[in-house]
Amino acid sequence: MENLKQLGRELKWQFVILHRNNLINISLGITAMYALIFYFFKDFAYMEKVLTLLVYNDPSLIGLLFFGLAVILEKNQQVLSAFLVTPMSVHHYLLSRTIALTIIGWLCALGMTIAALGFSFNWLHFSFGVIGICFIFSLAGVFLISYTNEFLNYMLLSIPVMLLLSLPLLNYYKLTDIAWFKIIPTQGATDLLISSYETPLATLDLLWAYGSMFLWIGVLYWGAFKVFYRSVRS
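See the structure below:
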């Protein structure tokens with residue numbers, strides 16, 4: 086119970102930090118712009134295809150770039166190692182920041198989707214899809230930030246990671262038909278997102294999407310915690 090209370094306090098503090106760094110305002114501003122575009126062009130024939138690209142892109146960038154930017158600022162201010170003194174404090178830090186960014190990513194994606202489609206989509210699959218995408222990209226950011234303190238280097242490292250994790254979109258847009266893309270961490274979450282407003286997944290495909298997403302999140306979190314804890318303690 087005490088750990089949950091501590092996590093709650095950390096989560097509240099993460100929102101304060103994100104607000105001070107104007108990251109929340111930036112996210113909401115971009116979302117409002119996209120939402121207006123979607124609203125006025127909602128009858129566009131390929132709206133769902135465009136929506137998928139932007140809804141995928143928004144939480145992924147929030148997770149990957151905002152996580153790295155916030156940690157770099159804290160590292161440069163030499164405050165990070167001061168309070169990450171135990172494994173549990175590192176868990177609280179990673180979870181609270183990832184959850185905070187995921188909430189922001191979900192709200193932004195929700196705003197764009199409602200503007201484009203109204204309320205005619207599956208909220209459960211949509212929510213888990215967006216949450217999974219943002220969580221996975223945030224954890225990818227944890228890996229990257231463990232190896233650099235410079236934002237430019239972080240951005241350069243982010244490009245191949247972003248491209249790799251986004252490969253499932255190539256199959257979705259029928260630019261490729263590569264079976265092994267299914268093992269990429271974001272595949273399950275991407276399938277859930279798409280199925281929430283396009284053709285629903287069959288039961289087995291739905292179970293695979295949820296199962297693979299949760300499996301990858303667990304594996305990535307375990308690895309991210311290990312490398313991040315080692316980096317802040319070295």
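Residue numbers (my numbering): 86 to 319. Where a beta carbon is used, it is the ideal one built from N, C-alpha and C, also for glycine. In this text, all values refer to a predicted model and were calculated from it rather than measured experimentally.
Boundaries of the alpha helix (DSSP H) in which residue i is found, first to last residue
| i | result |
| --- | --- |
| residue 119 | 108-125 |
| residue 277 | 272-280 |
| residue 128 | Premise fails: residue 128 is in no alpha helix (DSSP H) and is neither H nor E. |
| residue 295 | 288-318 |
| residue 225 | 208-230 |
| residue 135 | 132-146 |
| residue 234 | First-last for residue 234: undefined, no H or E at that position. |
| residue 162 | No alpha helix (DSSP H) holds residue 162; DSSP gives it neither H nor E. |
| residue 265 | Where residue 265 is concerned, there is no enclosing alpha helix (DSSP H), given that its DSSP letter is neither H nor E. |
| residue 90 | 87-105 |
| residue 150 | Neither: residue 150 is in no alpha helix (DSSP H) and is coded neither H nor E. |
| residue 257 | 253-257 |
Buried/exposed call for residue i, threshold 16 Cβ in 10 Å
| i | result |
| --- | --- |
| residue 263 | exposed |
| residue 204 | exposed |
| residue 308 | exposed |
| residue 124 | exposed |
| residue 43 | Coverage of the chain is limited to positions 86 through 319, which leaves residue 43 absent and any answer about it impossible. |
| residue 235 | exposed |
| residue 177 | buried |
| residue 159 | buried |
| residue 224 | buried |
| residue 214 | buried |
| residue 270 | buried |
| residue 182 | buried |
| residue 131 | exposed |
Cβ shell of residue i (< 6 Å), same chain only, five flanking positions each side left out
| i | result |
| --- | --- |
| residue 298 | 217, 273 and 274 |
| residue 144 | 190, 194, 215, 218 and 219 |
| residue 302 | 220 |
Same chain, Cβ closer than 7 Å to residue i, neighbours up to 5 away in sequence not counted
| i | result |
| --- | --- |
| residue 339 | The requested residue 339 is not part of the displayed model; the chain covers only 86 to 319. |
| residue 151 | 108 and 186 |
| residue 184 | 96 |
| residue 196 | 116 and 120 |
Own chain residues within Cβ distance below 8 Å of residue i, not counting five before or after
| i | result |
| --- | --- |
| residue 258 | 134 |
| residue 60 | Nothing in the structure corresponds to residue 60, since the chain is present only between 86 and 319. |
| residue 321 | Since the first and last residues shown for the chain are 86 and 319, residue 321 lies out of range. |
| residue 106 | 154, 155 and 158 |
| residue 115 | 143 and 193 |
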